[in-house]
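*Asks:*
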């Protein structure tokens with residue numbers, strides 16, 4: 503996918519750097535989130551307003567989703583889940599800014615996120631249950647344990663693949679559609695496509711975050 507002009511890519515060229523668009527824009531998103539977090543918390547008030555009010559709504563929404571999906575134990579993993587949600591959302595929304603590239607339209611970014619979910623799922627499982635976590639892979643009947651272990655292992659290995667490909671496919675496809683329409687109808691496109699882009703960004707963020715919570719919640723549960 504070739505963009506006619508990418509602002510940060512141009513700046514890279516001026517500085518003689520070649521980091522890759524997904525790396526450059528990932529750092530840009532990290533910088534945006536850091537600045538927003540600083541501005542929202544530098545002067546916390548009892549009655550919030552402005553940016554603090556917006557961030558409190560976002561935090562409350564993520565907390566409510568964690569409570570509904572993971573139960574009371576899920577609160578311990580709020581920093582991880584909230585980071586996924588905010589990072590992916592901003593990465594997706596970057597696609598709506600002319601001259602900017604969404605890091606989630608690159609498979610490397612999504613694979614890194616998916617592998618983090620995969621690793622944390624099993625870290626949480628062993629932390630919660632010890633060696634007994636392996637019962638999750640054995641199935642309910644002991645005689646079927648060898649077969650179930652192979653099936654469960656394949657299923658767990660497929661999780662990072664499905665997480666990364668789903669997010670990549672949707673965001674990459676969205677980028678291609680935007681480029682095509684901007685080339686064909688540059689003056690009529692913006693409003694309807696921007697609204698569609700916001701919807702795609704929100705849905706893909708919700709799906710990835712929800713699946714991450716479901717996987718971690720499964721690791722927290724007792725094996726049956």
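In our numbering, the protein residues as written are 503 to 726. Glycine included, C-beta positions come from ideal geometry on N, C-alpha and C. Everything numeric in this text was worked out from a predicted model, so none of it was measured.
1) Please state the DSSP three-state secondary structure of residue 637.
2) Would you call the segment 622-633 and the segment 671-684 in contact, with 3 or more CB pairs under 8 Å?
3) Taking the C-alpha atoms as reference points, what is the distance between residue 678 and residue 530?
4) Using CA coordinates, which residue listed in 526, 582, 566, 719 is at the minimum distance from residue 603?
5) Can you grab the Cα-Cα spacing for the pair residue 594 / residue 703, in whole Å?
6) Buried or exposed: which applies to residue 562, given that a residue is buried once 16 or more other Cβ atoms fall within 10 Å of its Cβ?
7) Give the secondary structure of residue 682 by DSSP, where H, G and I count as helix, E and B as strand, and everything else as coil.
8) Which term fits residue 606, buried or exposed, when burial requires 16 or more other beta carbons within 10 angstroms of its beta carbon?
9) Using 8 Å as the Cβ pair cut-off and three pairs as the minimum, do the segment 610-621 and the segment 538-553 touch?
10) Could you tell me which of 566, 553, 597 sits nearest to residue 537, measuring between CA atoms?
11) With 16 as the cutoff for other CB atoms within 10 Å, does residue 573 come out buried or exposed?
12) Going by Cα to Cα distance, which pick from 668, 666, 664, 535 is closest to residue 596?
13) How is residue 668 classed by DSSP in three states: helix, strand or coil?
14) Could you give the residue range of the alpha helix (DSSP H) that holds residue 523?
15) Is it true that the CB of residue 669 sits closer than 8 Å to the CB of residue 610?
16) Mind checking whether residue 586 and residue 719 have CB atoms under 8 Å apart?
17) Mapping DSSP to helix, strand and coil, what is residue 642?
*Replies:* Reading it off the structure:
1) Here residue 637 corresponds to residue number 135 of the chain shown, with the count starting at 1. Helix, per DSSP.
2) no
3) For the purposes of this step, residue 678 is identified with residue 176 of the chain shown, where counting begins at 1. For the purposes of this step, residue 530 is identified with residue 28 of the chain shown, where counting begins at 1. Roughly 22 Å separates the two Cα atoms.
4) Counted from its first residue, the chain shown places residue 603 at position 101. Minimum Cα distance to residue 603 is reached at 526.
5) Within the chain shown, the letter at position 92 stands for residue 594. Within the chain shown, the letter at position 201 stands for residue 703. Distance between the alpha carbons of residue 594 and residue 703: 5 Å.
6) Counted from its first residue, the chain shown places residue 562 at position 60. Classification for residue 562: exposed.
7) Counting from one through the chain shown, the residue named residue 682 turns up at place 180. Residue 682 falls in the helix class under three-state DSSP.
8) Your numbering for residue 606 matches position 104 in the chain shown. With 16 or more Cβ atoms within 10 Å of its Cβ, residue 606 is classed as buried.
9) no
10) As a position in the chain shown, residue 537 is number 35, starting the count at 1. That would be 553, whose Cα lies nearest to the Cα of residue 537.
11) Taking the first residue of the chain shown as position 1, residue 573 is located at position 71. By the 10 Å Cβ count, residue 573 comes out exposed.
12) Reading the chain shown from its first residue, position 94 is the one you call residue 596. The shortest C-alpha separation from residue 596 is found at 535.
13) For this step, residue 668 is matched to residue 166 along the chain shown. Three-state result, residue 668: helix.
14) Taking the chain shown and counting its residues from 1, the one referred to as residue 523 is at position 21. Counting along the chain, the alpha helix (DSSP H) containing residue 523 begins and ends at 523-543.
15) Reading the chain shown from its first residue, position 108 is the one you call residue 610. Reading the chain shown from its first residue, position 167 is the one you call residue 669. Cβ atoms of residue 610 and residue 669: not closer than 8 Å.
16) Counted from its first residue, the chain shown places residue 586 at position 84. Counted from its first residue, the chain shown places residue 719 at position 217. Taking 8 Å as the Cβ cut-off, residue 586 and residue 719 do not qualify as a contacting pair.
17) Taking the first residue of the chain shown as position 1, residue 642 is located at position 140. Looking at residue 642 - three-state DSSP - the assignment turns out to be coil, as it is neither helix nor strand.
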